[in-house]
Amino acid sequence: MKVHINGEALILQSNDISKKSKANLTDVLAQYLTSRQQKMSFAVALNSDFVSKSQYSSTLLNDGDSIDVLFPIVGG
Amino acid sequence: MLTSNEQLRYSRQTMLKHIGENGQLKLRNASVLIVGMGGLGNPVAMYLNAAGVGRIMIADGDNIEITNLQRQVLFGESDLTQNKADCAAEKLNKNNSDTQIEVIDEMLDEELGQFYIPQVDVVVDCSDNIETRYLVNSLCVDHKKPFVVGAATGFDGQQLVVDPRKDNAACYQCFFPISEKAPANNCQTVGILGPVLAIIAGLQALQTIKLLTGIDVKYNQLNVYDGFYNQWQQFNISKQVDCPICQNN
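Here the protein sequences line up with chains A and B, keeping their order. End of the first sequence = 894 in my numbering, gap-free, step of one. End of the second sequence = 292 in my numbering, gap-free, step of one.
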């Protein structure tokens, strides 16, 4: 399955989703973010709509979905 | 009523049907707190001052350094080592004698925030660190004050309005929860181009003027600017029932 994450194509590896019919947001974030980044504050949007952290594992992805991972910008 | 001088001075904005003389009076009677007088705070203060916002409080404990001058456009070479809020107030007063500028020459902390935030109509976050933003977010939610967030580094910017007067409004912490590891990048570590700050600050000033004059402002929308590819993205955000800041409000 192919999704877009921060504008880049990401092929979801089959072992992430082999036991399930569809990948969820937790699968994608585990593949995309480093362990350090996973401990940082970030927000995730699926097709431009924010998804709360408690819903990552229940949010199933479809081929072609667009995911944005946003980190807070600090500077002014 | 506006004086004849005010009618002339602000005529290019009062001729807008959504502003009018009534909107100008609202601006004249309004008060705003700007937190941080750096690259965002400079243009936000300049635009709000020029637009005739009656009372502008500016908080910053930093002194002007030579590395600030590339983007903090109110300041010049002769201003080095001065406190930013003091120096900005002096310049803003010269630009518009109608407005009242109040200087807070310290970094905003909880005590100062508790004192000043209840006095104003809108708070504009132009700070350069996440701790201050979380603090101001929390105080604004407590006091039900609209809060205009802006931030920029490199070619990138983020902007949103938190409006705790609305029952369904998300706060900053609803979607950027406090984390174990603080964000690593800021203007000192990754750099910043002045015009990126101007774009975000311009949007902050615009949203503030709209809030003060009663024009509908979209809240629950994070605006993300990519100045490298010249793209804007909008994300729909929502209030979180388990947000530690929002759940008691």
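Beta carbons: idealized from backbone N, C-alpha and C, even for Gly.
| Is the CB of F219 of chain B under 8 Å away from at least one CB in chain A? | Closer than 8 Å to the CB of F219 of chain B there is at least one CB belonging to chain A.
| request: Provide the residue span of the beta strand (DSSP E) that contains K820 of chain A, from first to last. | output: The continuous beta strand (DSSP E) containing K820 of chain A extends over residues 820–823.
| task | Taking only beta carbons into account, state which residues of the segment 875–893 of chain A come closer than 8 Å to chain B, listed in chain order. | result | Listed by position, the residues of the segment 875–893 of chain A near chain B (Cβ gap below 8 Å) are D886, L888, F889, P890, I891, V892, G893.
| query | Assuming D129 of chain B and V146 of chain B make a contact with CB atoms under 8 Å, what is their CB distance in whole Å? | reply | Contact flag correct, Cβ pair sits at about 6 Å.
| Taking C-beta to C-beta, are D867 of chain A and N279 of chain B nearer than 8 Å? | Closer than 8 Å, so yes.
| If you draw a straight line from the C-alpha of G79 of chain B to the C-alpha of Q856 of chain A, how long is it? | For G79 of chain B and Q856 of chain A, the gap between their C-alpha atoms comes out near 29 Å.
| Beta-carbon spacing of E154 of chain B, L178 of chain B below 8 Å | Not in contact: E154 of chain B and L178 of chain B (Cβ atoms no closer than 8 Å).
| Would you say M858 of chain A faces chain B, with C-beta separation under 8 Å as the test? | By this cut-off, M858 of chain A is an interface position.
| said: I want to verify the contact list: residues of chain B whose CB lies under 9 Å from the CB of D867 of chain A, in sequence order. | reply: In chain order, F278, N279, I280, S281 make up the part of chain B whose C-beta sits under 9 Å from the C-beta of D867 of chain A.
| message | To test your reading of the DSSP string, which unbroken alpha helix (DSSP H) runs of 4 or more residues are found completely within the segment 120–207 of chain B? | response | You should have 127–138, 153–159, 173–186.
| query | Buried or exposed: V192 of chain B, going by 16 or more other Cβ atoms within 10 Å of its Cβ? | reply | V192 of chain B should be labelled buried.
| request: Just list the beta strand (DSSP E) runs in the segment 69–129 of chain B, keeping only unbroken ones of 3 residues or longer that don't cross its boundaries, in chain order. | output: As far as the segment 69–129 of chain B is concerned, its whole beta strand (DSSP E) runs of at least 3 residues are 74–78, 98–102.
| With D171 of chain B and G893 of chain A assumed to form a contact (beta carbons below 8 Å), what rounded beta-carbon distance in angstroms separates them? | Yes, they are in contact, since the Cβ atoms of D171 of chain B and G893 of chain A sit about 6 Å apart, within 8 Å.
| query | Excluding sequence positions up to five away, which residues of its chain have a Cβ less than 6 Å from the Cβ of G84 of chain B? | reply | Taking G84 of chain B as the centre and dropping the five residues before and after it, the same chain places the C-beta of I77, C169 closer than 6 Å to its C-beta, in chain order.
| query | Excluding the five sequence neighbours on either side, which residues of its own chain have a C-beta within less than 7 Å of the C-beta of R114 of chain B, listed in chain order? | reply | If we look at R114 of chain B and ignore the five residues flanking it on each side, its Cβ neighbours are G82, I235, G237, L240.
| field | DSSP state of N263 of chain B mapped onto helix, strand, coil | value | Coil at N263 of chain B, not helix or strand.
| Cross-chain neighbours of S853 of chain A in chain B, by beta carbon under 7 Å | Here the premise fails: no neighbours, minimum Cβ distance about 10 Å.
| Counterpart residues of Y268 of chain B in DSSP-defined beta bridges | Paired residue(s): B:G200, B:W275.
| request: Go through its chain and collect everything with a Cβ distance to T175 of chain B's Cβ below 8 Å, but skip five positions before and after it. | output: If the five residues before and after T175 of chain B are omitted, its C-beta is found closer than 8 Å to the C-beta atoms of V78, G79, M150, L151, D168, all from its own chain and listed in chain order.
| message | Strictly by DSSP, which residues pair up with E826 of chain A? | response | Bridge partners of E826 of chain A: A:I823.
| Distance between T844 of chain A and S875 of chain A (C-alpha atoms, nearest Å) | Taking the straight line joining both Cα atoms gives about 5 Å.
| said: Please report whether the beta-carbon of V267 of chain B lies at a distance below 8 Å from any beta-carbon of chain A. | reply: Interface residue, yes.
| field | Counted within 10 angstroms of its Cβ, other Cβ atoms place F860 of chain A as buried (16 or more) or exposed | value | Counting of Cβ neighbours within 10 angstroms places F860 of chain A among the buried residues, the total reaching 16 or more.
| request: Mind checking who K871 of chain A pairs with in its DSSP beta bridge? | output: According to DSSP, K871 of chain A bridges with nothing at all.
| Nearest-angstrom Cα separation, counted from L91 of chain B out to I252 of chain B | If you take the alpha carbons of I252 of chain B and L91 of chain B, they lie about 7 Å apart.
| Delimiting residues of the alpha helix (DSSP H) encompassing I252 of chain B | Where I252 of chain B is concerned, the enclosing alpha helix (DSSP H) stretches over 237–256.
| query | How would you write the range of the beta strand (DSSP E) that D886 of chain A sits in, first residue to last? | reply | Per DSSP, D886 of chain A belongs to the beta strand (DSSP E) from 884–888.
| On the three-state DSSP scale, how would you describe V233 of chain B? | In the structure shown, V233 of chain B sits in a helix (DSSP, three-state: H, G or I).
| task | Quick one: list the residues of chain A neighbouring L83 of chain B, beta-carbon separation under 8 Å, in chain order. | result | Going along chain A in sequence order, the residues near L83 of chain B (Cβ under 8 Å) are G894.
| How would you label D829 of chain A, buried or exposed, when you count the other beta carbons within 10 angstroms and need 16 or more for buried? | Checking the sequence shown, residue 829 of chain A turns out to be Ile, not Asp. By the 10 Å Cβ count, I829 of chain A comes out exposed.
| Counting pairs of Cβ atoms below 8 Å between the segment 206–223 of chain B and the segment 49–58 of chain B, do you hit three or more? | No, the segment 206–223 of chain B does not touch the segment 49–58 of chain B.
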